[in-house]
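**Student:**
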Amino acid sequence: MVRNVAGVMAELEPEDFYLLSGVEQGMRFSEWVNRGKLPELSNLSPEEVEYRLDRCATRELIERKTIQYEGYTLTAEGYDALALRTFSERDTIEGVGAPLGVGKESDVLEVQSYRPLALKFHREGYTNFREVMRERDYTADNRHVSWLYTARKAAEREYDALESLYPDVSVPRPIDHNRHAIVMAKLDGVELHRAKLPEDQVVGVLDLILREITAAYDAGYVHADMSEYNVAVSESGVTVFDWPQAVSTDHENARELVDRDVANLLSYFERKYPGSVPDLDPDSIGDSIASNDFETVRAHIA
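Residue 133 in numbering that gives the first Met the number 0 is what sits at position 134 of the sequence shown, and the numbering runs on without skipping anything.
#1: Pick helix, strand or coil for T295, following the three-state DSSP scheme.
#2: Can you pull the DSSP bridge partners for P173?
#3: Compare the Cα-Cα distances from G70 to each of Y78, E294, T213 and I61 and report the closest residue.
#4: Quick check on S247: buried or exposed, where buried means 16 or more other Cβ atoms within 10 Å of its Cβ?
#5: Between the segment 213–220 and the segment 189–200, do at least 3 Cβ pairs fall closer than 8 Å?
#6: For a quick check, are the C-beta atoms of A117 and M183 less than 8 Å apart?
#7: Under 8 Å, with one C-beta from each stretch per pair, do the segment 164–171 and the segment 142–156 reach the 3-pair mark?
#8: DSSP state of L19, grouped into three classes?
#9: Taking only runs of the beta strand (DSSP E) that begin and end inside the segment 74–113, which ones reach a length of at least 3 residues, in chain order?
#10: How far does the alpha helix (DSSP H) with L116 in it extend, from its first residue to its last?
#11: Got a sec? Which residues, its chain only, sit under 7 Å from S236 by beta carbon, not counting five neighbours each side?
#12: Which residues in the same chain have their Cβ closer than 7 Å to the Cβ of E93, if we skip the five residues on either side of it in sequence?
#13: In terms of residues, what are the limits of the beta strand (DSSP E) holding V230?
#14: Does the beta-carbon of R129 have 16 or more other beta-carbons within 10 angstroms, so that it is buried, or is it exposed?
#15: Between the segment 8–18 and the segment 76–91, do at least 3 Cβ pairs fall closer than 8 Å?
#16: For N177, which of H121, V32, E49 and R54 has the nearest alpha-carbon?
#17: Which whole-angstrom value is the C-beta distance of W242 and A160, which I expect to be below 8 Å?
#18: Using a Cβ-Cβ cut-off of 8 Å (strictly less than) and excluding sequence neighbours within five positions of S163, which residues of its own chain qualify?
#19: A298: which of A253, V101, G203 and T91 sits nearest, CA to CA?
#20: In whole angstroms, what separates the C-alpha of T238 from that of T85?
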């Protein structure tokens, strides 16, 4: 998990953010921003730039590298600080609390507002940038793509999906979005992989998840990354989260991705609850989802 930058926010001055924004702008064109360009990019004098570089580097918001020139790049903490400042200026959040979850491509923190909410920082590309660039279709056609762009596009995609799906599909309620960060409602319940379902509820929970996949398909989206790690189970039902890889049902591979989502879910339930899940026909379930008439897996016993 990237260090929580909330603790240094009160120490930062407006000019620090001018510098961070300048580095951010420069990273659209180069991974390492030439120091000589920073006065123009940040609208600060060369002397002020030098002072702010020291302040931000001390707080690990930027990194310095000497190659053919002296260059600077934002750290994940620096990018987090820019997003947090925007959320604060919008009165979206009032404070940042403890971690709620850490994934390989995101960090989720509790934040305070009119009620406790969740803040998700996308990390796509920060530690495995080359791999993500190859795999994600929203980076494939760009010659220079910084990890900032990759993470921001992932957040944009997820926020757009949440706005389109909520409340017709049981997804976290979207609240606000900036850069690589999303503010949303906190999840109820426990993640599916941590839950121990009573045997008489296993098929019912599987049905609930597949009904949400059906509702999402009817709304024009395929999750495309379904697993036991992005479903929460509570007394009130299930919530499907983590939608950055979602694709439109118009996508050429939409049906294939639905089938993969179904196969992943069935595989998990069959492994964890082998005596509670009947032998099912995943292709038949996929057909039922695509035609928007799925009701229960019991209608798709092989």
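C-beta atoms are modelled at their ideal positions from N, C-alpha and C, and glycine is treated no differently.
**Tutor:** On the basis of the supplied data:
#1: coil
#2: M183
#3: Answer by Cα proximity: I61.
#4: exposed
#5: no
#6: yes
#7: no
#8: helix
#9: 94–102 and 105–111
#10: For L116, there is no enclosing alpha helix (DSSP H); the residue is found in the beta strand (DSSP E) stretching over P115 to H121.
#11: Residue identity differs from the one stated: residue 236 is Gly in this sequence, not Ser. Closer than 7 Å at the Cβ level, and outside the excluded window around G236, lie S169 and L207.
#12: Q111 and S112
#13: In the DSSP assignment, V230 falls within the beta strand (DSSP E) that extends over V230 to S233.
#14: With a pLDDT of 40 at R129, under the threshold of 50, the modelled position of that residue is not reliable, and the figure given next carries that caveat. Its Cβ having fewer than 16 others within 10 Å, R129 is exposed.
#15: Three or more pairs of CB atoms, one per stretch, sit closer than 8 Å, so the segment 8–18 contacts the segment 76–91.
#16: H121
#17: 4 Å
#18: A218, G219 and Y220
#19: Taking only the C-alpha atoms, the option nearest A298 is G203.
#20: 28 Å
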